[in-house]
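Asks:
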Amino acid sequence: MSATIKATGVGSHPGEDQHAFDEAVRVVLGELGEGLGVPYLPEVPGRGATATMTGRGLAVLDDLDADLQPAGWRLTGSSGSPGVDHRRTRSLLAQDLDAVEEQARDFAGTFKVQVAGPWTLAATVERPRGDKVLADHGARRELAQALAEGVGAHVADVRRRLPSLERLVVQVDEPALAAVLSGSVPTASGFSRHRSVDLPEASQALGWVLAAVAGAGAEPWVHACAPGTPWGLVRGAGARGLSVDLAVVSAADHDVLAESLEAGESVALGVVPGTRSAALPTDAQVTERVLRWLDMLGLDPAEVPGLVVAPACGLAGADTAYARAALALVRTSAANVQSG
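What the sequence shown shows, in numbering that gives the first Met the number 0, is residues 0 to 339, in sequence order.
1) Looking at the secondary structure, which residues open and close the beta strand (DSSP E) in which residue 268 lies?
2) Would you mind reading off the limits of the beta strand (DSSP E) that contains residue 218?
3) With DSSP collapsed to three states, give me the class of residue 328.
4) The ligand COA heavy atoms versus the CB of residue 313: any closer than 7 angstroms?
5) Is it right to say residue 13 is buried, meaning 16 or more other beta carbons lie within 10 angstroms of its own, or is it exposed?
6) Do residue 232 and residue 11 have their C-beta atoms closer together than 8 angstroms?
7) Using only CA atoms, which one of 159, 326, 224 and 334 lies nearest to residue 27?
8) Find out if the Cβ-Cβ distance for the pair residue 339, residue 304 is shorter than 8 angstroms.
9) When DSSP builds the beta bridges, which residues end up paired with residue 42?
10) In this structure, does DSSP put residue 413 in helix, strand or coil?
11) Helix or strand or just coil, what does DSSP make of residue 310?
12) When the Cα atoms are used, what is the spatial distance from residue 275 to residue 311?
13) So, under 8 angstroms CB-CB, residue 20 and residue 98 are touching, yes? Tell me the CB distance rounded to an integer number of Å.
14) Confirm, please, whether the CB-CB distance from residue 266 to residue 285 is below 8 angstroms.
15) If you follow the beta strand (DSSP E) that residue 77 is part of, which residue opens it and which one closes it?
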């Protein structure tokens, strides 16, 4: 079997206005729109709260409303009358999809969109009475189910806009999952921590969302770059793609990633820094790092069709030139790995 090693980005890009988003779309499609690339819907959180990962996640919710408070996003119930900021975040998502549709309507390969996962939303959004949704078992369940319902409609919308797609990936972002499970998410006062969530509940809620993605005809991935993310639990919940930062994965994680690749699933391996805090490596260095990892696992590059080369995390903390260079680097490195 001859593998096709792919390249992609995590999702976020630098900038503070609509021009920055339009430029991010051009960068993504220019660097990843052909050959080995998996282009994606960029996120430009510098535009404000409505454009952050949390805002984007709330835009997808079905039958739950939210508004923006000084402390951040807060659920307001299921009145069917979302506040002005909730309407804005939904409008911004639609506007961003309009821009991608205009430039990529005839794209026929694999395309990726991202959405905040149920546990990251529960750890960042407040319930109507205050404090995080994480504090309330019933609220956690309601939020996860609303997200699952909304994701199905979101997938259908993307499919309608990009009708030629061969494959659609939905990356569920769960950067807070490890903190939720370890009981390290601070309460509103900051003087205490929310109790850890039991593993079966964590798996169930994530599973609802991943099943909704699969049920809508897309491929469910999960991304997290936090150490301690339980990749075995994530895969068991239904993820068919694991997007990781290679620098923080544990020995047990390596086993799960290998099992995923051997099963024909996807692993997006984060091997390029997301910011200029570290020098951008050469494509030879990135290629060597990926090949060494595969060799450590006893895997042949020619037999891992689900391998994807990516930055370790999002690129929002970089600048446009670095973001473009990082995507070009993962594309070139993917080609190098494929050629052996």
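For every residue, glycine included, the Cβ atom is placed at its ideal position computed from N, Cα and C. Computed from a prediction, not measured in an experiment: that's the story for all the values here.
Replies: A quick look at the data gives this:
1) Unbroken beta strand (DSSP E) run through residue 268: 265-271.
2) Counted as a single uninterrupted DSSP element, the beta strand (DSSP E) harbouring residue 218 occupies residues 218-222.
3) Helix.
4) Inclusion of the ligand COA in the displayed structure is not the case, the ligand content being empty and no account of it being possible.
5) Around the beta carbon of residue 13, 16 or more other beta carbons sit within 10 angstroms, so the residue counts as buried.
6) Taking 8 angstroms as the Cβ cut-off, residue 232 and residue 11 do not qualify as a contacting pair.
7) Closest option to residue 27, Cα to Cα, is 326.
8) No, they are not a contact pair.
9) Per DSSP, 11.
10) In the structure as shown, the chain begins at 0 and stops at 339. Residue 413 is therefore absent and cannot be evaluated.
11) Note: residue 310 maps to strand in three-state DSSP.
12) Residue 275 and residue 311 have their alpha carbons spaced roughly 13 angstroms apart.
13) That belief holds up - the Cβ atoms of residue 20 and residue 98 are roughly 7 angstroms apart, short of 8 angstroms.
14) Cβ distance not < 8 angstroms, so residue 285 and residue 266 don't count as in contact.
15) The continuous stretches of beta strand (DSSP E) do not include residue 77, and DSSP gives it neither H nor E.
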